[in-house]
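Novice: Numbering that gives the first Met the number 0 applies: residue 0 is where the sequence shown begins, and numbers increase by one.
Just so you know, even glycine gets a beta-carbon here, dropped at the ideal spot from N, CA and C.
Computed from a prediction, not measured in an experiment: that's the story for all the values here.
Below is a structure I'd like to ask you about.
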Amino acid sequence: MRIIIATERRPKIEGTKQGVATALRILGRSNEPLSFGTRAVESGVASTPRTTEDTMTGARNRAIGAYPEIPGDTLSIGLEGGLFKLNGCVFLQSWACVYDGTTASFGASGAIQLPGVLGKKVMVDGEELGSAIDDFAGGNDIRSSEGTWGVLTNNAVTREDSFALAVLNALMPILNAPAYKGNGR
Numbered sequence: 000m001r002i003i004i005a006t007e008r009r010p011k012i013e014g015t016k017q018g019v020a021t022a023l024r025i026l027g028r029s030n031e032p033l034s035f036g037t038r039a040v041e042s043g044v045a046s047t048p049r050t051t052e053d054t055m056t057g058a059r060n061r062a063i064g065a066y067p068e069i070p071g072d073t074l075s076i077g078l079e080g081g082l083f084k085l086n087g088c089v090f091l092q093s094w095a096c097v098y099d100g101t102t103a104s105f106g107a108s109g110a111i112q113l114p115g116v117l118g119k120k121v122m123v124d125g126e127e128l129g130s131a132i133d134d135f136a137g138g139n140d141i142r143s144s145e146g147t148w149g150v151l152t153n154n155a156v157t158r159e160d161s162f163a164l165a166v167l168n169a170l171m172p173i174l175n176a177p178a179y180k181g182n183g184r
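In C-alpha cells:
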C-alpha cells in the first residue's frame, strides 16, 4: 500500500507513520508492504482553523488534493489542527482525513483546553496559533517540534502523538470495513 501524506511538516509525517503502523498492527496486517510519500497541499482554510467544520474541511481538502492521478493501492492522508469553542473554553484538536480515491473518512485526536490568554490571542485577537504558542512558551517554531500539545502537556502528548491518534481513527472505516458494515466481530 502506498500512503501519500499531504504535508512536508515532520510532526505530521511522523504522526501519520505512527498511526498507520498502529492501525495495521491492531488489524494483524503489520507485514503489509508500505511506502510513504509526501506532497505539500494547501488546506483552503485559515492557517489556524477556528471551528471543527473548518478543521475537517482543511484535512479533507489536503487529502483529496494529495491523491495521485494514477492511484493503484493508494491512500492519501490530510491533516489539520484547529480550534473550537465550547462552553466558553477554547480547545485544540487534530483531525485527519483518509481518502481512497472514492471515500473520505475522518478521525480526530482528543482535545485539550487552551489557557485563557492563549485562547484569547487566537480566537479574539486573530493571531495564528503557531506564533501565539511561540510567544506564550518563549520558543521558536514550536509547531515544528512538540507543538502546542507538547507545551500544554509537558510533552506527555506531542503534536505528533495527536496526529497519530487522528490518523488511526480515520483509517478504521477503510481498513476495518467489516465493522462499519455491521459485520463487526
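Distance, Cα to Cα, L167 vs R24?
Specialist: Near 11 Å, if we compare the C-alpha coordinates of R24 and L167.
Novice: Please report the distance separating the alpha-carbon of N60 from that of G109.
Specialist: Using only the alpha carbons, I get a separation of about 21 Å.
Novice: So what does DSSP say about S143, is it helix, strand or coil?
Specialist: In this structure, S143 counts as helix in the three-state DSSP scheme.
Novice: Note down the Cα distance separating V40 from P48, rounded to an integer number of angstroms.
Specialist: For V40 and P48, the distance between alpha carbons rounds to 16 Å.
Novice: Could you please give me the residues that DSSP links to Q41 through a beta bridge?
Specialist: According to the sequence shown, residue 41 is Glu rather than Gln. Bridge partners of E41: none, in fact.
Novice: Where does the unbroken alpha helix (DSSP H) through K189 begin, and where does it stop?
Specialist: There is no way to answer for residue 189, as the model of the chain reaches only from 0 to 184.
Novice: With a cut-off of 8 Å on the beta carbons, I'd call L128 and V89 a contact; round off their distance for me.
Specialist: The Cβ separation is near 10 Å, so there is no contact.
Novice: Under the three-state reduction of DSSP, which class applies to Q81: helix, strand or coil?
Specialist: First, the amino acid is wrong: residue 81 is Gly here, not Gln. Three-state result, G81: strand.
Novice: So the candidates are K11, G137 and V150; which of them puts its Cα closest to the Cα of A95?
Specialist: Checking every option, the nearest Cα to that of A95 belongs to K11.
Novice: For S29, which of helix, strand or coil comes out of DSSP?
Specialist: S29: coil per DSSP, three-state reduction.
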